[in-house]
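J.: Quick one: the structure is below, and I'll ask about it shortly.
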Amino acid sequence: MVSSQSSPLLWRNITLFDGLEQFPEPMAVLVEHGLVAGLWLESEFDPSQASGAKEAASGGVMTPGLVDCHTHLVYAGDRAGEFEQRLEGVSYETIARNGGGILSSVRATRAASEDELIAASLPRLDALLADGVTTLEIKSGYGLTVADELKMLRVARRLGELRPVRVLTTLLGAHALPLEYTGRADDYVSLVCDEMIPAAAHERLADAVDVFCEGIAFSPAQCERVFQAAQRHGLAIKAHAEQLSNLGGSALAARYGALSADHIEYLDEAGVRAMAEPGTVAVLLPGAFHVLRETQLPPIDLLRQYGVPMAVASDANPGTSPICMPTLMANLACTLFRLTPREALAGMTAHGARALGLPHLGRIAVGAPADLCLWDIRQPAELAYAVQAGRLRQRVFNGVVTHAR
Ligand code: DI6
Ligand code: FE
Numbered sequence: 037m038v039s040s041q042s043s044p045l046l047w048r049n050i051t052l053f054d055g056l057e058q059f060p061e062p063m064a065v066l067v068e069h070g071l072v073a074g075l076w077l078e079s080e081f082d083p084s085q086a087s088g089a090k091e092a093a094s095g096g097v098m099t100p101g102l103v104d105c106h107t108h109l110v111y112a113g114d115r116a117g118e119f120e121q122r123l124e125g126v127s128y129e130t131i132a133r134n135g136g137g138i139l140s141s142v143r144a145t146r147a148a149s150e151d152e153l154i155a156a157s158l159p160r161l162d163a164l165l166a167d168g169v170t171t172l173e174i175k176s177g178y179g180l181t182v183a184d185e186l187k188m189l190r191v192a193r194r195l196g197e198l199r200p201v202r203v204l205t206t207l208l209g210a211h212a213l214p215l216e217y218t219g220r221a222d223d224y225v226s227l228v229c230d231e232m233i234p235a236a237a238h239e240r241l242a243d244a245v246d247v248f249c250e251g252i253a254f255s256p257a258q259c260e261r262v263f264q265a266a267q268r269h270g271l272a273i274k275a276h277a278e279q280l281s282n283l284g285g286s287a288l289a290a291r292y293g294a295l296s297a298d299h300i301e302y303l304d305e306a307g308v309r310a311m312a313e314p315g316t317v318a319v320l321l322p323g324a325f326h327v328l329r330e331t332q333l334p335p336i337d338l339l340r341q342y343g344v345p346m347a348v349a350s351d352a353n354p355g356t357s358p359i360c361m362p363t364l365m366a367n368l369a370c371t372l373f374r375l376t377p378r379e380a381l382a383g384m385t386a387h388g389a390r391a392l393g394l395p396h397l398g399r400i401a402v403g404a405p406a407d408l409c410l411w412d413i414r415q416p417a418e419l420a421y422a423v424q425a426g427r428l429r430q431r432v433f434n435g436v437v438t439h440a441r
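Residue numbers (this note's numbering): 37 to 441.
Okay, here's the thing in structure tokens:
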């Protein structure tokens, strides 16, 4: 997919958001050999510094390529019927306890072949790419057998080969208790620890391991077993924690050096403190909060106070966030969680990359991989302020323009 890019590319007169800050003056940006090779103030730029470079564009807002650090993009079927049930007042937990929810997507996903899952997932991936994503994480978690979890991870890896995008994969075997293990949750956790994790590690299908630590899912003690197995196999750790109640899952994950704790609406100050020291990223998922019409806000002020980096992601999934528009997530992070537009954009670039253990991504800096977006807007805050598809003028992946209008 990546064509050979012979000549260096130059952008002039760019309003630049580098992943953390907006530059005060227009910039010139040079890309060569897949990397950002030069950054100059436009007023000081001398074309001889980039001789041989082809002008790619002039004007516009440039950001790092967006990083969607938490998605469940691969699944079959849909859950529109449950959406209607919830609007009539049935809770997400009640639907889950009655065999719907995640388990309904498990039935559809188990029945689907790899090719069917690719066909179902590609339009969702393409929607993310058209809105600026250059790196995303995809979780398993709708298979819940060794074979079906590995199938999902293979599909995720193949999606990354079919499109110019970087895909990281996460094994989420401990997402829900499959029906055939009713009453035997500890045995299912043994399957995750003793078979799924070793197989995913052996076949190099997973970059990380995730759990759903919740009353309707797995207890902290069960999650701890999964973390220990992940550590034994050298896989990074992530957690869905404190989404519907406070079980201390984030602090537990942080003790195991987790890259991130995600959702965290019910996180308390002790949990925030526990995340601060190892640098565990707080992944905010305003799409799920919005769709479930939650009211408990994540502890944004405490996260700021303790310097815990905040990422923002889509959580794209069939149940709680059927939304494949990362810039809408920036908007929701501001309107629902009161992030500043700058925090929301950092959450979808620099801090999203940290949540994946890839701190060299999500930044525009000399020497960084040239994953870039050029937007038809006047200032970076507009990405969070207005909700509008089609503002992406160019998308650059590894130094190659892969989308241009
Ligand atoms: N929390 C979520 O928001 C997703 N998974 C999880 O553990 C939802 C998954 C689903 O409802 O299908
Ligand atoms: Fe999720």
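No residue lacks a Cβ here, since even glycine has one placed at the ideal position from N, Cα and C.
1. Entirely within the stretch 185-263 and at least 4 residues each: give me those alpha helix (DSSP H) ranges in chain order.
2. Could you tell me the distance, in whole angstroms, from the CA atom of MET98 to the CA atom of THR363?
3. Using CA atoms only, rank isn't needed, just tell me which of ARG399, SER281, LEU215 is closest to MET384.
4. When you compare only the Cα positions, how much space is there between PHE325 and ALA89?
5. Can you determine whether any heavy atom of the ligand DI6 sits closer than 7 Å to the C-beta of ASP184, and answer yes or no?
6. Is it a yes or a no for the stretch 193-203 touching the stretch 119-137, going by three-plus beta-carbon pairs under 8 Å?
7. Using DSSP with H/G/I as helix, E/B as strand and the rest coil, what is LEU109?
8. Suppose you measure from the CA of ARG268 to the CA of ARG122; what does that come to, to the nearest Å?
9. Short check: CB of VAL344 to CB of LEU320, under 8 Å?
10. For ALA290 and GLY95, what's the separation of their Cα atoms in angstroms?
11. Terminal residues of the continuous beta strand (DSSP E) containing ALA318?
12. So does ASN434 have its beta carbon nearer than 7 Å to some heavy atom of the ligand DI6?
13. Quick check: HIS276 and VAL317, are their CB atoms within less than 8 Å of each other?
14. Of the residues PRO100, VAL67, GLU57, HIS238, which one's Cα is nearest the Cα of ASP408?
15. Please report the distance separating the alpha-carbon of ALA148 from that of LEU288.
16. For the alpha helix (DSSP H) holding GLU379, just list the boundary residues, first then last.
17. Between which two residues does the beta strand (DSSP E) carrying ASP514 extend?
18. Considering only residues of the stretch 79-107, which uninterrupted alpha helix (DSSP H) runs meet the minimum length of 4 residues and lie entirely inside it, listed in chain order?
19. Within the continuous alpha helix (DSSP H) that includes VAL308, where are the two ends?
20. Ignore the nearest five residues each way along the sequence and tell me which others in VAL225's own chain have a CB closer than 8 Å to its CB.
T.: This is what the structure holds:
1. 221-227, 233-238
2. 14 Å
3. ARG399
4. 46 Å
5. no
6. no
7. coil
8. 40 Å
9. no
10. 42 Å
11. 317-320
12. no
13. no
14. According to the sequence displayed, residue 408 carries Leu and not Asp. Taking only the C-alpha atoms, the option nearest LEU408 is PRO100.
15. 35 Å
16. 377-383
17. Nothing can be reported for residue 514: it is not among the residues displayed for the chain, which extend from 37 to 441.
18. none
19. 305-312
20. ALA210, PHE254, GLN258, ARG261, VAL262
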